[in-house]
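Peer 1: Residue numbers (my numbering), protein chains in the order written: chain D, 43 to 411; chain S, 11 to 383.
1) How many Å lie between residue 79 of chain S and residue 60 of chain S at the Cα?
2) What are the residues that DSSP puts in a beta bridge with residue 297 of chain S?
3) Using a Cβ-Cβ cut-off of less than 8 angstroms, list which residues of the region 109-137 of chain D approach chain S; keep chain order.
4) If you drop the 5 nearest sequence neighbours on each side, which residues of the same chain put their C-beta closer than 8 angstroms to that of residue 97 of chain D?
5) Measure the alpha-carbon distance for residue 224 of chain S versus residue 28 of chain S and round it to whole angstroms.
6) Using 8 angstroms as the limit for Cβ to Cβ distance, is residue 390 of chain S near chain D?
7) Which residue wins for smallest C-alpha separation from residue 143 of chain S, given the options S:175, S:111, S:102?
8) Would you check if there are 3 or more beta carbon pairs closer than 8 angstroms linking the region 317-334 of chain D to the region 156-172 of chain S?
9) Let me confirm a value: residue 24 of chain S is counted as buried when at least 16 other C-beta atoms fall within 10 Å, else exposed. Which label applies?
10) Report buried or exposed for residue 219 of chain S, applying the criterion of at least 16 other Cβ atoms within 10 angstroms of its Cβ.
11) For the structure I just gave you, are there three or more beta carbon pairs, one from the region 127-138 of chain D and one from the region 163-174 of chain D, closer than 8 angstroms?
12) Quick one, which of D:60, D:371, D:403 has its alpha-carbon nearest residue 271 of chain D's?
13) Helix, strand or coil: which one does DSSP assign to residue 377 of chain D?
14) Please return the same chain residues whose Cβ sits closer than 8 angstroms to the Cβ of residue 79 of chain D, not counting the five positions on each side in sequence.
15) Which residue comes first and which comes last in the beta strand (DSSP E) that contains residue 75 of chain D?
16) In chain D, which residues lie less than 9 angstroms from residue 5 of chain S when you measure between Cβ atoms?
17) Mind checking who residue 205 of chain S pairs with in its DSSP beta bridge?
18) What residues in its chain sit with their C-beta under 6 angstroms from that of residue 320 of chain S, if we drop five residues either side in the sequence?
19) Distance check for residue 93 of chain D and residue 86 of chain D, CA to CA, integer angstroms please.
20) If I'm right that residue 238 of chain S touches residue 113 of chain S with Cβ under 8 angstroms, what's the distance once you round it to whole angstroms?
21) Using a Cβ cut-off of 8 angstroms (strictly closer), state whether residue 332 of chain S contacts chain D.
22) Closest by CA to residue 145 of chain S, which one among S:95, S:199, S:327?
23) Compare the C-beta of residue 231 of chain D with all C-beta atoms of chain S and state if any pair is closer than 8 angstroms.
24) For the region 295-329 of chain S, which residues have a beta carbon sitting closer than 8 angstroms to at least one beta carbon of chain D?
25) Give the single residue among S:181, S:256, S:30, S:249 whose Cα lies nearest to the Cα of residue 212 of chain D.
26) By the three-class DSSP mapping on this structure, what secondary structure does residue 181 of chain S have?
27) Relative to the alpha-carbon of residue 328 of chain S, which residue among D:219, D:331, D:280 has its alpha-carbon at the smallest distance?
28) Helix or strand or just coil, what does DSSP make of residue 18 of chain S?
29) Could you check what DSSP says for residue 80 of chain D in three-state terms: helix, strand or coil?
30) Output the boundary residues of the alpha helix (DSSP H) element that contains residue 245 of chain S.
31) Kindly list the residues whose CB is nearer than 6 angstroms to the CB of residue 383 of chain D, restricted to its own chain and excluding five residues on each side of it in sequence; keep chain order.
32) Assess contact between the region 204-219 of chain S and the region 36-45 of chain S, defined as three or more Cβ pairs (one per stretch) separated by less than 8 angstroms. Is contact present?
33) Does the CB of residue 376 of chain S have a neighbour CB from chain D at under 8 angstroms?
34) Using a C-beta cutoff of 8 angstroms, does residue 248 of chain S count as contacting chain D?
35) Based on the DSSP output, what are the partners of residue 114 of chain S in its beta bridges?
36) Suppose you measure from the CA of residue 34 of chain S to the CA of residue 16 of chain S; what does that come to, to the nearest Å?
The structure is reproduced here in structure tokens:
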């Protein structure tokens, strides 16, 4: 399986810059996700890797081989879209066999390979069935089987499950990961759904406005987001982000949050001492995830931040998400239901300082970058 | 405001039965969620209540008045459509105040009064800076909020909101849910809201009507649909990831009750024993257990007692930010385990799973209805 390298790729449609100076290296056998909102350039990137779009400038390599000018057919890739475009007048067998048939492969070999991939994709029982009478999930599997039968070196998936039912999505996610683990084929997966990218990928490239925002493991992107965009895009419920003040007391630094002072996050102390201009500018953007805020029903400790519960969302039998109004801000907190939160009642919050991220209010970049 | 009652309502389109004999009552002032997968019949139900479709059988009442033959415009209902249906030749402001200028209104509102109402609603929904825009300049999420504002600007007897915030991004969804529910409780207008999203149903509904293939599966509070799902279909719909369901058999041995799954016996807690024993001894059942009620034990010394332990192999690990999901293979079964903290295991490593049997659900094998708890 090759690694896939993009060097300084730019794509323009007329005057519109879809992808700008993109550098990527996808490792051999990796499950790599490209994540971003609609219009961020993720599908254009995938289509350039597939050869369905020409690059405006830059080069694409599969290992040492430059493929920039190769046609899709010569790249040994398989592409699966959300809309698999199965042939409606064919049965499952004929659909899966199609890519081999047009390559004039002997029918005995086709038969062997169709049965092999059908077994792998759990389609053996429906090989004779017309694709129109299959469920959505089965159709999806036929699409994947048809892409896999060519034994591609690189497997490209463009939002393959985005619009499926939640529960079907859950099982398809498992299935796609299983395929990847068993075949160990280099997989590039494009999606706008952060949950899909986070749960499946070895590494994620997060894009916005045609540019890379961050490349890293799901955990890195979650714990240490490169900028405010990534911080807000990755994680559910989304991170709380708001302005805060740095207070420089002679002995120690503090952060002022809604009339309370909390300790300055240790992981930023060195950064802030190096960039002392921050101490003068004072205002920074603070990000904290809903799970990193602890709540109390009474003011059990000093320095708790007081708010009012304006909304409670049950999540499951254990957890809930509460929306807390503090001054003019709304803060989301994910907490155990054993707390028994009540609507319109007071609640006291404690921020876990070490889980805080700080961002530049002008550029949005994480201060530790 | 009004109470909405459906009595044995069926709707067919040719051969196709879209709604199959549904009865329910939505109380006065209630936030009533209709939840189900796409194609379940949610929008058809809304259209029937709005009067855009007529029931093939059965009756619809607003309070005690049967409205089957009442035209939509005389039902005093405000409907936000899933596909927005905004007027493309009008700007945002004109779209939102359109319902206030209906010829059916007895009073004519002054320009000042209209502005006041528009401002109130656009501020709530954070679209105040869009008022002069044309509809085709808006994103999907913005269009959806304009459609919602247009529905909420007047105070009818009933709001019908069809997947009304489905296209907002994650951050806006959270705040809009809170705003919407707060607004509804303040105005006390009976509201029927459809969604295919379990989180939204749990977050918004005073009660949730769960429908599938045109039939009503369960109608209950969010609390109760989680705790007492009526059948395996409902149990699977709520919770992320889905509940684990295993075929098993209830057996008794030495005065104790066990569930046998693929040759492994899991001990049923004492308190459940009697009821199950009498009715279901030796029956085939389906056992349900949620992924966070199973724990992974990597050290043998951490096993508290040897019962209710299943040995499996780790197949996949999924990361969800604030939790981890492990897919474990045990015989030919796949078990999902959810943990808030990361567990030190590798793919293909052998692990012990401890089932918390106090948290299990038991369903009848043939009807798939819940028999325990």
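For each residue, glycine too, the CB sits at the ideal point set by N, CA and C.
Peer 2: Checking against the coordinates, here is how it stands:
1) 11 angstroms
2) S:256, S:372
3) Of all residues in the region 109-137 of chain D, none comes within less than 8 angstroms of chain S when Cβ atoms are compared.
4) 51, 52, 53, 90, 110
5) Each residue's Cα considered, the two are about 5 angstroms apart.
6) The requested residue 390 of chain S does not occur in the structure, where chain S is confined to residues 11 to 383.
7) Of S:175, S:111, S:102, the smallest CA-CA separation from residue 143 of chain S is found for S:102.
8) no
9) exposed
10) Within a 10 Å sphere around the beta-carbon of residue 219 of chain S sit 16 or more other beta-carbons, which makes this residue buried.
11) By the Cβ criterion, the region 127-138 of chain D is in contact with the region 163-174 of chain D, since at least three pairs of Cβ atoms, one from each stretch, lie closer than 8 angstroms.
12) D:403
13) strand
14) 234, 250, 275
15) 73-77
16) A query on residue 5 of chain S cannot be resolved here, the shown segment of chain S reaching from 11 to 383 and no further.
17) S:45
18) Contacts found: 274, 340, 363.
19) 10 angstroms
20) Between residue 113 of chain S and residue 238 of chain S the Cβ distance is about 49 angstroms, and since that is not below 8 angstroms, they are no contact.
21) yes
22) S:95
23) no
24) Taking 8 angstroms as the Cβ-Cβ cut-off against chain D, the residues of the region 295-329 of chain S that qualify are 300, 302, 325, 326, 328, 329.
25) S:249
26) Helix at residue 181 of chain S.
27) Comparing C-alpha distances from residue 328 of chain S to each of D:219, D:331, D:280 shows the shortest one belongs to D:219.
28) The answer is strand: DSSP assigns residue 18 of chain S an E or B state.
29) coil
30) 242-247
31) 351, 354, 364
32) Yes, since at least three Cβ pairs between the region 204-219 of chain S and the region 36-45 of chain S fall closer than 8 angstroms, the two stretches touch.
33) no
34) Under the 8 angstroms criterion on CB atoms, residue 248 of chain S is classed as interfacial with respect to chain D.
35) According to DSSP, which records beta bridges pairwise, residue 114 of chain S is partnered with nothing at all.
36) A direct Cα-to-Cα measurement between residue 34 of chain S and residue 16 of chain S gives close to 5 angstroms.
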